[in-house]
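Colleague: The following block contains the structure, expressed as structure tokens.
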Amino acid sequence: MPRQMRELPEGGEIRGLRRILITNDDGIDAQGIIRLARAAVKYGEVWVVAPEAQRSAASHSITLRTHIDVFRYDFPVAGVQAYAVSGTPADCVRLGVLNILPAKPDIVLSGINFGYNAGTDVQYSATVGAAMEAVFQGIPAVAVSEGTGDGYRVTDRYLDDILAEIIDTPFAEDKIVNVNFPICEPEEVKGILRNRLCSRGSIFRDKYDCEDMENGGKRYRVNGIYNEDVEEGSDLRALFDHYISIGTVTNIH
Numbered sequence: 000m001p002r003q004m005r006e007l008p009e010g011g012e013i014r015g016l017r018r019i020l021i022t023n024d025d026g027i028d029a030q031g032i033i034r035l036a037r038a039a040v041k042y043g044e045v046w047v048v049a050p051e052a053q054r055s056a057a058s059h060s061i062t063l064r065t066h067i068d069v070f071r072y073d074f075p076v077a078g079v080q081a082y083a084v085s086g087t088p089a090d091c092v093r094l095g096v097l098n099i100l101p102a103k104p105d106i107v108l109s110g111i112n113f114g115y116n117a118g119t120d121v122q123y124s125a126t127v128g129a130a131m132e133a134v135f136q137g138i139p140a141v142a143v144s145e146g147t148g149d150g151y152r153v154t155d156r157y158l159d160d161i162l163a164e165i166i167d168t169p170f171a172e173d174k175i176v177n178v179n180f181p182i183c184e185p186e187e188v189k190g191i192l193r194n195r196l197c198s199r200g201s202i203f204r205d206k207y208d209c210e211d212m213e214n215g216g217k218r219y220r221v222n223g224i225y226n227e228d229v230e231e232g233s234d235l236r237a238l239f240d241h242y243i244s245i246g247t248v249t250n251i252h
């Protein structure tokens with residue numbers, strides 16, 4: 000596949016030559032992936048391979064019994080080659096690594112997810128699932144998530160610092176790096192807590208509301224109850240206390 004000549008980011012230099020694959024689970028047009036790509040072009044050659052639409056909570060699922068469509072996508076960051084995929088985020092990583100990119104990427108960045116991926120929610124997260132797939136393919140990976148609402152303000156203030164810290168960090172072969180930015184004003188951030196363990200709790204304690212349907216069936220909708228009762232030293236405790244949380248999540252071999 001011919002390679003596109005990439006432009007230097009405005010006012011910046013490329014800090015080393017890397018091939019970076021970026022994906023997400025909120026869809027290729029989500030603001031989070033655009034912001035992540037814009038930050039990543041400082042560090043190398045960026046390729047985006049992401050779902051064409053929202054695929055949150057798809058976990059590490061892949062498409063086996065139907066086809067996957069891939070289209071070039073006009074991505075709004077200069078120098079980035081992008082492809083929209085009809086499959087899951089894990090499909091995006093597999094196709095990116097095995098078929099689309101001219102060679103294996105040096106690192107996979109997954110995100111920026113709209114909403115935390117911390118605690119027990121990591122097992123459902125397709126942001127985390129895509130990063131896990133990268134590790135399956137022998138590639139270091141980072142999952143990046145932020146709080147909803149105004150959570151992007153903290154991310155935009157600290158993202159470049161975090162990328163600079165971890166982009167060349169040696170990664171354990173069976174782990175991904177999981178980064179979460181808290182919901183607060185940037186000046187309220189107390190710092191960065193590293194080596195955070197995944198909480199055994201969750202942000203929401205789920206239950207299902209039920210309604211009867213005219214055909215005799217029942218319709219259920221999840222209804223989560225907000226929860227901050229989590230362990231000290233955990234990723235969720237760090238976020239609730241207005242710290243940036245960095246930890247690792249173990250993959251399965």
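Here numbering that gives the first Met the number 0 is used: the first residue of the sequence shown is 0, the next is one more, and so on.
Every residue gets a Cβ at the ideal spot worked out from N, C-alpha and C, and that includes glycine.
Quick caveat, the model's predicted, so the values are computed rather than measured.
Considering only their Cβ atoms, is the gap separating G190 from Y242 smaller than 7 Å?
Modeller: Mapped onto the sequence shown, residue 242 falls at position 243. Mapped onto the sequence shown, residue 190 falls at position 191. Taking 7 Å as the cut-off, the beta carbon of Y242 is found closer than this to the beta carbon of G190.
Colleague: Quick one, which of R71, R156, T249 and A89 has its alpha-carbon nearest L63's?
Modeller: As a position in the sequence shown, residue 63 is number 64, starting the count at 1. When each option's Cα is compared against that of L63, the closest is A89.
Colleague: Is E145 buried or exposed, if buried means 16 or more other CB atoms sit within 10 Å of its CB?
Modeller: Sequence index remark: in the sequence shown, residue 145 carries index 146 (1-based). Answer is buried; the Cβ neighbour count reaches 16.
Colleague: In three-state DSSP terms, what is M4?
Modeller: Walking along the sequence shown from the start, residue 4 turns up at place 5. For M4, the predicted structure reports a pLDDT of 29, less than 50, and the residue's modelled location is therefore unreliable. The matter cannot be settled from this model.
Colleague: Would D234 pass as a contact of C197 if the rule is Cβ separation under 7 Å?
Modeller: Position 235 of the sequence shown holds residue 234. Position 198 of the sequence shown holds residue 197. Going by C-beta atoms, D234 is nearer than 7 Å to C197.
Colleague: If I'm right that A142 touches T168 with Cβ under 8 Å, what's the distance once you round it to whole angstroms?
Modeller: Here residue 142 corresponds to residue number 143 of the sequence shown, with the count starting at 1. Here residue 168 corresponds to residue number 169 of the sequence shown, with the count starting at 1. Not a contact, Cβ separation roughly 14 Å.
Colleague: Over the uninterrupted alpha helix (DSSP H) stretch that includes Y151, give me the two end residues.
Modeller: Taking the sequence shown and counting its residues from 1, the one referred to as residue 151 is at position 152. Unbroken alpha helix (DSSP H) run through Y151: Y151 to I165.
Colleague: Apply the 10 Å Cβ neighbour rule to F180 and answer buried if 16 or more other Cβ atoms are within range, or exposed otherwise.
Modeller: For the purposes of this step, residue 180 is identified with residue 181 of the sequence shown, where counting begins at 1. It is buried - the Cβ of F180 has at least 16 other Cβ atoms within 10 Å.
Colleague: Less than 7 Å between the beta carbons of V45 and V79, yes or no?
Modeller: The residue labelled residue 45 in the question sits at position 46 within the sequence shown. The residue labelled residue 79 in the question sits at position 80 within the sequence shown. Yes, the pair counts as a contact, with Cβ atoms nearer than the cut-off.
Colleague: Y225 by DSSP, collapsed to three states: which one?
Modeller: Position 226 of the sequence shown, counted from the first residue, corresponds to residue 225. Of the three classes helix, strand and coil, the one that applies to Y225 here is strand, per DSSP.
Colleague: When we look at the beta-carbon of F70 and count the other beta-carbons within 10 Å, is it buried (16 or more) or exposed?
Modeller: What you label residue 70 is simply residue 71 of the sequence shown in a count that begins at 1. Its Cβ having fewer than 16 others within 10 Å, F70 is exposed.
Colleague: Between which residues of its own chain and A237 is the CB-CB distance below 6 Å, once the five residues before and five after are set aside?
Modeller: Here the question's residue 237 lines up with position 238 in the sequence shown. Excluding sequence neighbours, A237 sits near L192, R195 and S244.
Colleague: Going by DSSP in three states, F180 sits in which element: helix, strand or coil?
Modeller: Position 181 of the sequence shown, counted from the first residue, corresponds to residue 180. It is a strand residue.
Colleague: Whether or not the stretch 149-163 and the stretch 123-137 are in contact is what I'm after, with contact meaning three or more pairs of Cβ atoms, one per stretch, closer than 8 Å; do they touch?
Modeller: no
Colleague: For V248 and T22, what's the separation of their Cα atoms in angstroms?
Modeller: Your numbering for residue 248 matches position 249 in the sequence shown. Your numbering for residue 22 matches position 23 in the sequence shown. Using only the alpha carbons, I get a separation of about 18 Å.
Colleague: Tell me which same chain residues have a C-beta within less than 6 Å of the C-beta of A140, skipping the five on either side of it?
Modeller: Numbered from its first residue, the sequence shown carries residue 140 at position 141. Only V107, A130, A133, V134 and I175 meet the Cβ criterion.
Colleague: Since V76 and R18 should fall inside the 8 Å C-beta cutoff, what is the C-beta to C-beta distance between them, to a whole number of angstroms?
Modeller: Residue 76 sits at position 77 when you count from the first residue of the sequence shown. Residue 18 sits at position 19 when you count from the first residue of the sequence shown. Not confirmed; about 16 Å, so no contact.
Colleague: Work out the CA separation of L97 and R54 for me, nearest whole Å.
Modeller: Numbered from its first residue, the sequence shown carries residue 54 at position 55. Numbered from its first residue, the sequence shown carries residue 97 at position 98. So the two alpha carbons sit approximately 21 Å from each other.
Colleague: Going by other Cβ atoms of all chains shown within 10 Å of its Cβ, with 16 needed for buried, is G128 buried or exposed?
Modeller: For the purposes of this step, residue 128 is taken as the residue at position 129 of the sequence shown. Looking at its Cβ environment, which holds 16 or more other Cβ atoms inside 10 Å, G128 is buried.
Colleague: Classify P1 as buried or exposed, calling it buried when 16 or more other Cβ atoms lie within 10 Å of its own Cβ.
Modeller: Numbered from its first residue, the sequence shown carries residue 1 at position 2. Confidence at P1 is low in this model, with a pLDDT of 31, below 50, so the placement of that residue is unreliable and no value is reported for it.
Colleague: For the ligand FAD, any of its heavy atoms closer than 6 Å to the Cβ of E210?
Modeller: Among the components of this structure there are no ligands whatsoever, and the ligand FAD is therefore not found.
Colleague: Kindly give me the distance between the Cβ atoms of R34 and I111, rounded to whole angstroms, as I take these residues to be in contact under 8 Å.
Modeller: Sequence index remark: in the sequence shown, residue 34 carries index 35 (1-based). Sequence index remark: in the sequence shown, residue 111 carries index 112 (1-based). Right, the Cβ-Cβ distance comes to about 6 Å (below 8 Å), so this counts as a contact.
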